[in-house]
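Data block below; observations after.
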Amino acid sequence: MDWGSYATLSLEQDGDALIVTVNRPEALNALANQVVDDLLELTGRLEGIGRDADWPVRGIVLTGAGAKAFVAGADIREMDGMDPATAEAYGRRMHQVTLRLEELPVPVIAAVNGFALGGGCELALACDFIYASADASFGQPEVALGLVPGFGGSVRLQQRVGAGQARELIFTGRRIDARHAHGIGLVNRVFDDAAALMDGARATIAELARVSPTAVANAKRTMHRVQGLGVAEGLEVEAESFREAFTTEDSAVGRAAFVAKERAAFPGR
Ligand code: CAA
Numbered sequence: 129m130d131w132g133s134y135a136t137l138s139l140e141q142d143g144d145a146l147i148v149t150v151n152r153p154e155a156l157n158a159l160a161n162q163v164v165d166d167l168l169e170l171t172g173r174l175e176g177i178g179r180d181a182d183w184p185v186r187g188i189v190l191t192g193a194g195a196k197a198f199v200a201g202a203d204i205r206e207m208d209g210m211d212p213a214t215a216e217a218y219g220r221r222m223h224q225v226t227l228r229l230e231e232l233p234v235p236v237i238a239a240v241n242g243f244a245l246g247g248g249c250e251l252a253l254a255c256d257f258i259y260a261s262a263d264a265s266f267g268q269p270e271v272a273l274g275l276v277p278g279f280g281g282s283v284r285l286q287q288r289v290g291a292g293q294a295r296e297l298i299f300t301g302r303r304i305d306a307r308h309a310h311g312i313g314l315v316n317r318v319f320d321d322a323a324a325l326m327d328g329a330r331a332t333i334a335e336l337a338r339v340s341p342t343a344v345a346n347a348k349r350t351m352h353r354v355q356g357l358g359v360a361e362g363l364e365v366e367a368e369s370f371r372e373a374f375t376t377e378d379s380a381v382g383r384a385a386f387v388a389k390e391r392a393a394f395p396g397r
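Below is the structure:
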């Protein structure tokens, strides 16, 4: 698969993992318009993963270049020149990036190796799991700029950590460290340093490569579809997904392998 080439993103395929690095370390990887354009282009291409049983990668790791930051937010210098309409368009384009990340058929892991502030925290929240190095920090400091979260934080932070914790973080603009973020459920796992963080993310993707990719894609789609629904409506969606799983070759292979006491070799369709 041709992943394309980008001014502000570096891509590296490592076995079953695609490592995507936001590469503007001189501005702590802030999400300038060019980064947003590049993320839109990349996520558009990634939508093809799994089509025709072609699974070139089984998971994506999103991280930031340099030792200091994952992403330090929207680009404040560029925002300084924006009027309300331009700002709205900027936010909406990042909404599209985050929705596409959620719609990808493979899991996305945010590997947070430093500051994940404002739009950086929001980008991480659009990923399926957030892993962090011990020196990472998180926050939604928009109020300190007279702003509010604009790349999905008002919605996704509440979903991830609950309304009370989200309100406290958004209303105070307070920064929290990786252990605290782990304690409130924002971060799945904390690693000693950046190298251990990337090893941990790759190891999870190696684990994903051992199970059925169609089932993982189905589970991801289902969990996004049920978010915000009541229990009864959610169970309706689950019933459809469970039924659909039984239409895949992967499920036939998986069930037969269990019965035969063999390891399943999933065809990915
Ligand atoms: N936008 C543009 N440039 C940024 C940036 C940002 N969000 N964050 C850092 N930079 C730039 C700095 O201007 C600096 O550039 P120069 O060397 O050219 O001066 C460079 O990156 C290094 O940053 P610092 O010198 O400030 O590094 P530090 O270690 O002293 O501080 C920091 C690090 C605490 C993260 C600090 O840079 C900071 O507070 N950054 C802004 C964080 C922030 O407020 N993010 C939210 C933005 S609003 C938002 O994201 C809205 C939304 O929801 C969409």
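The C-terminal residue of the sequence shown carries number 397 in the numbering used here, and the numbering is unbroken. Glycine included, each C-beta is placed from N, C-alpha and C at the ideal position.
Is residue i near the ligand CAA, going by C-beta to nearest heavy atom under 6 angstroms?
i	result
Ala158	yes
Leu245	yes
Asp203	yes
Ala254	no
Phe386	no
Phe279	yes
Ala200	yes
Ala155	yes
Glu169	no
Glu270	yes
What would DSSP say about residue i, mapped onto helix, strand or coil?
i	result
Glu231	helix
Tyr259	strand
Val315	coil
Thr149	strand
Gly192	strand
Arg391	coil
Ser133	coil
Arg397	coil
Thr376	coil
Asp327	helix
Ala252	helix
Between which two residues does the beta strand (DSSP E) harbouring residue i extend?
i	result
Ser265	265 to 267
Gln141	137 to 142
Val276	Per DSSP, Val276 belongs to no beta strand (DSSP E) and is neither H nor E.
Ala181	Per DSSP, Ala181 belongs to no beta strand (DSSP E) and is neither H nor E.
Arg338	Looking at the DSSP string, Arg338 is not in any beta strand (DSSP E), and its letter there is neither H nor E.
Leu245	243 to 245
Ala238	236 to 240
Is residue i buried or exposed, if buried means 16 or more other CB atoms sit within 10 Å of its CB?
i	result
Glu250	buried
Ser379	buried
Thr226	buried
Leu357	exposed
Gln355	exposed
Ala384	exposed
Gln268	buried
Ser265	buried
Arg173	exposed
Phe198	buried
Ser340	buried
Thr214	exposed
Ala367	exposed
Ala217	exposed
Hey, quick one: how far does the alpha helix (DSSP H) through residue i stretch, first residue to last?
i	result
Thr342	341 to 354
Phe370	359 to 373
Ala160	Counting along the chain, Ala160 falls outside any alpha helix (DSSP H), and DSSP gives it neither H nor E.
Arg205	204 to 207
Ile177	No alpha helix (DSSP H) contains Ile177, which DSSP labels as neither H nor E.
Arg482	The requested residue 482 is not part of the displayed model; the chain covers only 129 to 397.
Ala197	Run containing Ala197: none in the alpha helix (DSSP H); it sits in the beta strand (DSSP E), 197 to 199.
Ala294	291 to 300
Legend entry - Validate contact between the segment 216 to 231 and the segment 262 to 273 using beta carbons, cut 8 angstroms, 3 pairs: Taking 8 angstroms as the limit for Cβ pairs, the verdict is that the segment 262 to 273 does not touch the segment 216 to 231.
Legend entry - Contact the segment 179 to 196 vs the segment 130 to 147: 3+ CB pairs below 8 angstroms: With the cut-off at 8 angstroms, the segment 179 to 196 and the segment 130 to 147 touch.
Inset, instruction - Pair every Cβ in the segment 167 to 174 with every Cβ in the segment 301 to 321, then say whether three or more of these pairs are closer than 8 angstroms. - result: Contact fails: fewer than three Cβ-Cβ distances are below 8 angstroms.
Inset, instruction - Could you tell me whether the segment 316 to 325 touches the segment 277 to 294, using the rule of 3 or more Cβ pairs below 8 angstroms? - result: No contact exists between the segment 316 to 325 and the segment 277 to 294.
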